[in-house]
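Asker:
Number of protein chains: 2
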Amino acid sequence: MANITEVAEAAGVSISTVSYALSGKRPVSMDTRLRVQAAVRELGYSPNAGARMLAGRRTQIFALTEPLRSDSHAPTHMSFVLAASVAARRHDYDILLLTDEQASAGMSRVAASGLVDAILVLDVGAHDERVGLSRQIDTPTIFIGVPDDHEGLVCVDLDFEAAAALAVDTLVDAGHRSLGLIGQPVVAYEKSNFPPRVRRAYEASATRREADARFFSSGDRASSADAVRAAVDDLIDSGVTGLVLHAADDVHLMVLARLAERGRRIPDDMSVISVGTSFDAAALLPVGIDVIPLIPEASCELAVELALQSLSPEPPEVKLHLIAPTYLSRGSVAPAPRS
Amino acid sequence: MANITEVAEAAGVSISTVSYALSGKRPVSMDTRLRVQAAVRELGYSPNAGARMLAGRRTQIFALTEPLRSDSHAPTHMSFVLAASVAARRHDYDILLLTDEQASAGMSRVAASGLVDAILVLDVGAHDERVGLSRQIDTPTIFIGVPDDHEGLVCVDLDFEAAAALAVDTLVDAGHRSLGLIGQPVVAYEKSNFPPRVRRAYEASATRREADARFFSSGDRASSADAVRAAVDDLIDSGVTGLVLHAADDVHLMVLARLAERGRRIPDDMSVISVGTSFDAAALLPVGIDVIPLIPEASCELAVELALQSLSPEPPEVKLHLIAPTYLSRGSVAPAPRS
DNA sequence: TTGAAAGCGGTACCAG
DNA sequence: CTGGTACCGCTTTCAA
Numbered sequence: 001m002a003n004i005t006e007v008a009e010a011a012g013v014s015i016s017t018v019s020y021a022l023s024g025k026r027p028v029s030m031d032t033r034l035r036v037q038a039a040v041r042e043l044g045y046s047p048n049a050g051a052r053m054l055a056g057r058r059t060q061i062f063a064l065t066e067p068l069r070s071d072s073h074a075p076t077h078m079s080f081v082l083a084a085s086v087a088a089r090r091h092d093y094d095i096l097l098l099t100d101e102q103a104s105a106g107m108s109r110v111a112a113s114g115l116v117d118a119i120l121v122l123d124v125g126a127h128d129e130r131v132g133l134s135r136q137i138d139t140p141t142i143f144i145g146v147p148d149d150h151e152g153l154v155c156v157d158l159d160f161e162a163a164a165a166l167a168v169d170t171l172v173d174a175g176h177r178s179l180g181l182i183g184q185p186v187v188a189y190e191k192s193n194f195p196p197r198v199r200r201a202y203e204a205s206a207t208r209r210e211a212d213a214r215f216f217s218s219g220d221r222a223s224s225a226d227a228v229r230a231a232v233d234d235l236i237d238s239g240v241t242g243l244v245l246h247a248a249d250d251v252h253l254m255v256l257a258r259l260a261e262r263g264r265r266i267p268d269d270m271s272v273i274s275v276g277t278s279f280d281a282a283a284l285l286p287v288g289i290d291v292i293p294l295i296p297e298a299s300c301e302l303a304v305e306l307a308l309q310s311l312s313p314e315p316p317e318v319k320l321h322l323i324a325p326t327y328l329s330r331g332s333v334a335p336a337p338r339s
Numbered sequence: 340m341a342n343i344t345e346v347a348e349a350a351g352v353s354i355s356t357v358s359y360a361l362s363g364k365r366p367v368s369m370d371t372r373l374r375v376q377a378a379v380r381e382l383g384y385s386p387n388a389g390a391r392m393l394a395g396r397r398t399q400i401f402a403l404t405e406p407l408r409s410d411s412h413a414p415t416h417m418s419f420v421l422a423a424s425v426a427a428r429r430h431d432y433d434i435l436l437l438t439d440e441q442a443s444a445g446m447s448r449v450a451a452s453g454l455v456d457a458i459l460v461l462d463v464g465a466h467d468e469r470v471g472l473s474r475q476i477d478t479p480t481i482f483i484g485v486p487d488d489h490e491g492l493v494c495v496d497l498d499f500e501a502a503a504a505l506a507v508d509t510l511v512d513a514g515h516r517s518l519g520l521i522g523q524p525v526v527a528y529e530k531s532n533f534p535p536r537v538r539r540a541y542e543a544s545a546t547r548r549e550a551d552a553r554f555f556s557s558g559d560r561a562s563s564a565d566a567v568r569a570a571v572d573d574l575i576d577s578g579v580t581g582l583v584l585h586a587a588d589d590v591h592l593m594v595l596a597r598l599a600e601r602g603r604r605i606p607d608d609m610s611v612i613s614v615g616t617s618f619d620a621a622a623l624l625p626v627g628i629d630v631i632p633l634i635p636e637a638s639c640e641l642a643v644e645l646a647l648q649s650l651s652p653e654p655p656e657v658k659l660h661l662i663a664p665t666y667l668s669r670g671s672v673a674p675a676p677r678s
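Chains Z and H, in that order, are what the protein sequence lines are. Here the first sequence is numbered in the numbering used here, starting from 1 and rising by one per residue. Here the second sequence is numbered in the numbering used here, starting from 340 and rising by one per residue.
Shown next, in the form of structure tokens:
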């Protein structure tokens, strides 16, 4: 808890020299630099955060707003929080958490008090009250997810539309004419932003490729096992041979289990692609499934960089940053069986 | 982004009066108080966070360290983060997140820079490196969980030992002489602090009551379904009639499913008590199960209060705060069948 | 290459 | 009940 004055005395220099020696914003002779560094080490000096915030222009803190809705998938959510935290630290920033009611009220609060330099928005809803708020405050705000009304907002996300299209194209190219999508729980299509984006793009792509496209949600929470089983049965019985999954890890397992029970092999009888997969599919799934992953690290790193840019004299020009999908092949897609 | 000087001018008073009118630390006449409040509203004034940290003695920020180990149960973890955040806000505090490597390095950092007033420790391991760290820094630290070596530390947690004992006593009192415990995944017993506390207390209580006690983990992650099924079969075949569960929600469902498959009814053939349950069992489970819940809100609220006390002139004297278990009866315990 | 000093925006003490 | 003002610890401009 030593302060800059004590360091200056110990090093036999003025406090401004200490400041410059540490920040490097002004040339300092090698000799004094070393003396300062020694004093810093000896006293265990660390600049006072409050004083820095006040005197400097930066707080070195980002707010992270996340409603923590009970319907959001906890493990995925945690990956994003972790990724945001790691990305922020890499740029010497800390993360201040705004959950629940605070997700909106807290945004105004931290913006008004100048507690944070920028705000990262997680768990973005299709219609999100934080959209309106972000337009009122002058603290730069980055959305990780794309709300319906994103006019003028800075948004980062996986290009879910392109991902869905890539999955459909891959299956149709392999000769599959009858496709199925097993997606998120019902509520996710009402509250979140990306499930409908995947579904719409899936259906549009199928239409474009003149393929038959069915859709099933993965049920509400309690009955998901039954819903998934019924969906798989329906798909099998209606002759679907190309299956797209956009769902949680346990739903993947249920689908695989049911396919096995019904004697369907992957990829011989059914080609499968998992889209927007946020878990380590390779580690979790007993069978190799082609994956178009959702990579939290990529979104969050980009979001942090955009936040930093927003602080600079020239803010980012591009508002919508969609990350191109990548395709990991694991042998779960085969040519369609002759019919 | 107005500052206190502008508010003072608008209200026609001095800045100190503004400060006191807002903090209430000095009597202010009703008249000027109202004028100040009006000016505050009009200008959208909110005290600058950095200035407050510097001038006042408080930062109004708690750090929350959580390694976010992949083996910790994500939904439970999120409940604790949310509960901590809500409890902190109730006392006008924000939460700064320290994850991963930062969980330890970050602790020193925020302590040294005076960024936070206190540190809350989550996801406590039996042997946790943050224990040693907390003894070196002078920022008050509250552990939510009890590490093996907790000499001199302030810890808050559910009294897991008492909870396990309560479960055993309840079953033995009902006449059950042969008990089983299906617990956490294997790794949890090596890394976390509370699973072994439950297990030890379970076994000690059974010994004390002269009952037979078996134990099963809920497997490692991949094979948990098989492990749980095998455990239930084993318990049934060895004549266990009193079952204690200390596991995640999905394990509960698996256990119930297997009991049903084996034609065992609750409570007629098997009495069941869930210990340290961190989810809403009533909502999730299809059958009513007696529960001794783990209530994140309780632990976190207490932790926040202790943090605040640590800041006051008289720090808390009691170091170990174990929250007494509560028993929610839902009819899953019945007298043991005559043998 | 270095030092002195003016803020940054509050808090809280000292006067009145 | 209210005003003036000395800090809090650092950054940065101005001078040397």
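Beta carbons are placed, not taken as given, at the ideal position from N, Cα and C, and that holds for glycine. Fair warning: this is a prediction, and the values are worked out from it, not measured in the lab.
Can you grab the Cα-Cα spacing for the pair residue 650 of chain H / residue 367 of chain H, in whole Å?
Answerer: Going by the C-alpha atoms only, they are around 27 Å apart.
Asker: Report the residues of the segment 416 to 430 of chain H with a CB closer than 8 Å to any CB of chain Z, ordered along the chain.
Answerer: Result list: 416, 417, 420, 421, 424, 425, 428.
Asker: Going by Cα to Cα distance, which pick from H:369, H:429, H:507 is closest to residue 639 of chain H?
Answerer: Considering only alpha carbons, the answer is H:429.
Asker: Is the segment 96 to 112 of chain Z touching the segment 59 to 73 of chain Z in the sense that three or more CB pairs, one from each, lie closer than 8 Å?
Answerer: Flag = yes, the segment 59 to 73 of chain Z and the segment 96 to 112 of chain Z touch.
Asker: Does residue 75 of chain Z have its Cβ less than 7 Å from a Cβ in chain H?
Answerer: Judged by the 7 Å Cβ criterion, residue 75 of chain Z is in contact with chain H.
Asker: Would you please verify whether the beta carbon of residue 434 of chain H is less than 7 Å from any beta carbon of chain Z?
Answerer: Yes, contact with chain Z.
Asker: Excluding the 5 residues preceding and the 5 following residue 450 of chain H in the sequence, name in chain order all residues of the same chain whose CB lies nearer than 6 Å to its CB.
Answerer: Cβ within range, chain order: 476, 478.
Asker: Below 8 Å, can you find three or more Cβ-Cβ pairs linking the segment 49 to 64 of chain Z to the segment 119 to 137 of chain Z?
Answerer: Because the criterion of three Cβ pairs below 8 Å is met, the segment 49 to 64 of chain Z and the segment 119 to 137 of chain Z touch.
Asker: DSSP three-state label for residue 375 of chain H, please.
Answerer: In the structure shown, residue 375 of chain H sits in a helix (DSSP, three-state: H, G or I).
Asker: Does the structure place the segment 174 to 192 of chain Z close enough to the segment 353 to 360 of chain H that three or more beta carbon pairs sit under 8 Å?
Answerer: Verdict: no, contact absent.
Asker: Taking the beta strand (DSSP E) that residue 404 of chain H belongs to, which residues open and close that run?
Answerer: Unbroken beta strand (DSSP E) run through residue 404 of chain H: 400 to 405.
Asker: Short check: CB of residue 614 of chain H to CB of residue 585 of chain H, under 7 Å?
Answerer: Cβ atoms of residue 614 of chain H and residue 585 of chain H: closer than 7 Å.
Asker: Grouping DSSP H, G and I as helix and E and B as strand, with all else coil, what is residue 91 of chain Z?
Answerer: In the structure shown, residue 91 of chain Z sits in coil (DSSP, three-state: anything other than H, G, I, E or B).
Asker: Any residues in the segment 357 to 391 of chain H with a beta carbon nearer than 7 Å to a beta carbon of chain Z? Which ones, in chain order?
Answerer: So the close ones are 383, 385, 386, 387, 388, 389, 390.
Asker: For residue 558 of chain H, which of H:548, H:551, H:569, H:550 has the nearest alpha-carbon?
Answerer: Of the listed residues, the one whose Cα sits closest to residue 558 of chain H is H:569.
Asker: With a threshold of 7 Å between beta-carbons, can residue 684 of chain H be considered close to chain Z, or not?
Answerer: Beyond the ends of chain H as shown, which are 340 and 678, falls residue 684 of chain H; an answer cannot be given.
Asker: What span of residues does the alpha helix (DSSP H) with residue 591 of chain H cover, start to end?
Answerer: From DSSP, the alpha helix (DSSP H) with residue 591 of chain H extends over 588 to 600.
Asker: Ordered along the chain, which non-local residues of its own chain (more than five positions away) have a Cβ less than 6 Å from that of residue 296 of chain Z?
Answerer: These residues qualify, in order along the chain: 79, 80, 83.
Asker: Along chain H, which residues have their Cβ under 7 Å away from the Cβ of residue 277 of chain Z?
Answerer: By Cβ distance, chain H contributes nothing, its closest Cβ being about 16 Å from residue 277 of chain Z, past 7 Å.
Asker: Is the CB of residue 99 of chain Z under 7 Å away from at least one CB in chain H?
Answerer: It does; some Cβ of chain H falls within 7 Å.
Asker: Please compile the residues from chain H whose C-beta is within a distance smaller than 8 Å of the C-beta of residue 102 of chain Z.
Answerer: Simply 424, 428.
Asker: Tell me which residues of the segment 463 to 480 of chain H have at least one Cβ-Cβ distance to chain Z shorter than 9 Å, keeping chain order.
Answerer: For the segment 463 to 480 of chain H, which is checked against every Cβ of chain Z, the residues closer than 9 Å are 477.
Asker: Based on Cα-Cα distance, which residue from H:616, H:483, H:576 lies nearest to residue 588 of chain H?
Answerer: The shortest C-alpha separation from residue 588 of chain H is found at H:616.
Asker: Going along the chain, which unbroken runs of the alpha helix (DSSP H) with 4 or more residues stay wholly within the segment 9 to 53 of chain Z?
Answerer: Taking only runs of at least 4 residues, the alpha helix (DSSP H) segments lying wholly in the segment 9 to 53 of chain Z are 15 to 23, 30 to 43.
Asker: What's the gap between the Cα of residue 304 of chain Z and the Cα of residue 599 of chain H?
Answerer: Approximately 50 Å between the Cα atoms of the pair.
Asker: Are the Cβ atoms of residue 11 of chain Z and residue 39 of chain Z separated by less than 7 Å?
Answerer: Against a cut-off of 7 Å, the Cβ pair of residue 39 of chain Z and residue 11 of chain Z comes out as a contact.
Asker: Here's a check: name, in chain order, each residue in its chain whose Cβ is nearer than 7 Å to the Cβ of residue 205 of chain Z, leaving out the five neighbours to either side.
Answerer: Same-chain partners within the cutoff: 164, 165, 168, 169.
Asker: Could you list which residues in chain H have their beta carbon closer than 7 Å to that of residue 68 of chain Z, in chain order?
Answerer: Ordered by position in chain H, the residues that pass the 7 Å Cβ test against residue 68 of chain Z are 417, 421.
Asker: Could you spell out where the alpha helix (DSSP H) holding residue 316 of chain Z opens and where it closes?
Answerer: Segment: none, residue 316 of chain Z is in no alpha helix (DSSP H) and carries neither H nor E.
Asker: Let me know the secondary structure DSSP gives residue 295 of chain Z once reduced to three states.
Answerer: The answer is coil: DSSP assigns residue 295 of chain Z none of H, G, I, E or B.
Asker: With DSSP run on the structure shown, which of helix, strand or coil describes residue 344 of chain H?
Answerer: The answer is helix: DSSP assigns residue 344 of chain H an H, G or I state.
Asker: Quick check on the burial criterion: 16 or more other C-beta atoms within 10 angstroms. Buried or exposed for residue 127 of chain Z?
Answerer: When all chains shown are included, residue 127 of chain Z counts as exposed.
Asker: Smallest Cα separation from residue 485 of chain H: which of H:673, H:340, H:660?
Answerer: The candidate whose alpha carbon is nearest that of residue 485 of chain H is H:660.
Asker: Going by C-alpha to C-alpha distance, which of H:412, H:464, H:573, H:648 sits closest to residue 524 of chain H?
Answerer: Ranking H:412, H:464, H:573, H:648 by Cα distance to residue 524 of chain H puts H:412 first.
Asker: Using 7 Å as the threshold, is the C-beta distance between residue 294 of chain Z and residue 158 of chain Z below it?
Answerer: Yes. Within cutoff.
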